[in-house]
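The structure under discussion appears below in the form of structure tokens.
Here you go:
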């Protein structure tokens, strides 16, 4: 996570936008809920409660960050959008609204999204390797 430098107001704004993305598709997956809990802890916002009327103000708050901060926020929020392995139309609209509010370049956002997808693929490969059964034939790697 790249968000440890957010102040309390920015942290709450981030969590508001994350909760919006989680609820956008109408289904709150266990992975999404767990991810939000993890961010609440890391951002020191244990009593955060989502208020859907606060999303416009949250976007405005994030728009005040410097360029690198905005990119980090976008990337972390995209993480919420793909947590269930799918970015549906409503999540895409929210991401586009965020991108526009923060005045981020569309191509940079696409690259950040590709990086997050690559990370997901690496994490999946690691999990698969950790859970792999012993191969039926032992290979001598000592050579």
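Residue numbers (this note's numbering): 18 to 160. We put the beta carbon where it would ideally sit given N, CA and C, even for glycine. All values derive from a computational prediction rather than experimental measurement.
For residue 125, the uninterrupted alpha helix (DSSP H) run begins and ends at 123–148, by DSSP. In the three-state scheme derived from DSSP, where H, G and I count as helix and E and B as strand, residue 59 is classed as helix.
In the structure shown, residue 109 falls within a helical segment according to DSSP collapsed to helix, strand and coil. Residue 90 is classed as buried because its beta carbon has at least 16 other beta carbons within 10 Å across all chains shown. The straight-line gap separating the alpha-carbon atoms of residue 94 and residue 151 is approximately 37 Å. Segment contact: the region 61–73 against the region 25–33, three or more CB-CB distances shorter than 8 Å; contact assigned.
The beta-carbon distance between residue 108 and residue 118, rounded to whole angstroms, is 16 Å. This is too long to meet the 8 Å contact definition.
With 16 or more other Cβ atoms from the protein chains shown falling within 10 Å of its own Cβ, residue 78 counts as buried.
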